[in-house]
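In the numbering used here, the protein residues as written are 2 to 302. Even for Gly, the Cβ is constructed at its ideal location relative to N, Cα and C.
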Ligand SMILES: C[S@@+](CC[C@H](N)C(=O)[O-])C[C@H]1O[C@@H](n2cnc3c(N)ncnc32)[C@H](O)[C@@H]1O
């Protein structure tokens, strides 16, 4: 058992073991890439190699978000498509949009779920064994899709466009594969999303990339307008309130390369979280700025 292991915290134990394994690699790597969010190697080999990190963050939001609706339920309600729609989701992750709305999916829809990571897609396959409609799974990079033009009535791209190093190429692909009457639904975060976490993240990762994401609620419209004539933005009101320090530590570590997570830094983070929580009367509050764009009239028509 590693020395730092509050309660029966299996996940920390896994992280500790991965950290120990990567210590030798760390010596060889001079620096961590600054634009980690668009670094394909990092995304595939670590952040989204499996559904673990995403699952930790989703669990955190499900447990501690103040809006009882739930993001995935809200997102699904924004999607308006015909009864026999062909629907593509890019960057589907572990398929939670569908698993959390399973009873609302029209049986006459035909779903195609894609992700860059085979590990994530495998999670989606396991989670979506009992969908009421036809579904196919494929690995695919959003920036270059192997589908003919005008293949889909609706495309969904949630929290994925900011991972594309070539954002314009990705959006142009999504426009090309839509039918002329089709729409793109793309959820993303605002620039102050969980901004109060930055100080904590900085303890594990002193090189934290604080630059703005390429596709946020504040700047996404201008990119979408290069490929779509109509763009609408809808906001989801939410915040996070948490009184469990371990959950915050776990959340922070899930977004940081394991090679940066030493036992010493984890302890320092744990101390800081507990101190700040005590100052806040036993709770910490975070902004959860989230919403979606609906883009229609694709110029690829
Ligand atoms: C933040 S997760 C979002 C997952 C899911 N859309 C959701 O809302 O839960 C980002 C997902 O995008 C995938 N991804 C990253 N870059 C991608 C790319 N260029 N093409 C397709 N998928 C990508 C990752 O593997 C990961 O599953």
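Inset, instruction - Please list the segments of the beta strand (DSSP E) lying wholly inside the segment 88-144, counting only runs of 3 or more residues, in order along the chain. - result: 111-116, 135-140
Inset, instruction - Check the C-beta distance from residue 187 over to residue 293 and give it rounded, since I have them as a contact under 8 Å. - result: 6 Å
Inset, instruction - Under 8 Å by Cβ, that's how I've got residue 197 and residue 288 pegged, so tell me the actual separation to the nearest angstrom. - result: 7 Å
Inset, instruction - Name, in chain order, the residues that DSSP records as bridge partners for residue 235. - result: 293
Inset, instruction - Could you tell me if the beta carbon of residue 194 falls within a distance shorter than 7 Å of some heavy atom in ligand 1? - result: no
Inset, instruction - Report buried or exposed for residue 84, applying the criterion of at least 16 other Cβ atoms within 10 angstroms of its Cβ. - result: exposed
Inset, instruction - Taking only the alpha-carbon atoms, compute the straight-line gap between residue 204 and residue 249 and give it to the nearest angstrom. - result: 13 Å
Inset, instruction - Please classify residue 223: is it buried, with 16 or more other beta-carbons within 10 angstroms of its beta-carbon, or exposed? - result: exposed
Legend entry - Proximity winner among 154, 166, 162, relative to residue 180 (alpha-carbon distances): 154
Inset, instruction - Please classify residue 241: does DSSP put it in a helix, a strand, or coil? - result: strand
Inset, instruction - Spell out the partners DSSP gives residue 155 in its beta bridges. - result: 88, 184
Legend entry - Per DSSP, the bridge partner or partners of residue 288: 240
Legend entry - Closest residue to residue 251 among 94, 276, 267, 236 (Cα-Cα distance): 267
Inset, instruction - Please check if any C-beta of chain D sits within less than 8 Å of the C-beta of residue 167. - result: No chain D is part of this structure, which consists of one protein chain only.
Inset, instruction - Tell me, please, which residues DSSP counts as bridged to residue 66. - result: 241
Legend entry - Cut-off 6 Å between Cβ atoms - residues of its own chain near residue 278, not counting five sequence neighbours on either side: 246, 285
Legend entry - Rounded straight-line distance, which links the Cα of residue 43 to that of residue 170: 21 Å
Legend entry - Assigned secondary structure, residue 229 (DSSP; H/G/I helix, E/B strand, else coil): strand
Legend entry - Per DSSP, cross-strand counterpart(s) of residue 179: 153
Inset, instruction - Taking all protein chains shown into account, decide if residue 129 is buried (16 or more other Cβ within 10 angstroms of its Cβ) or exposed. - result: buried
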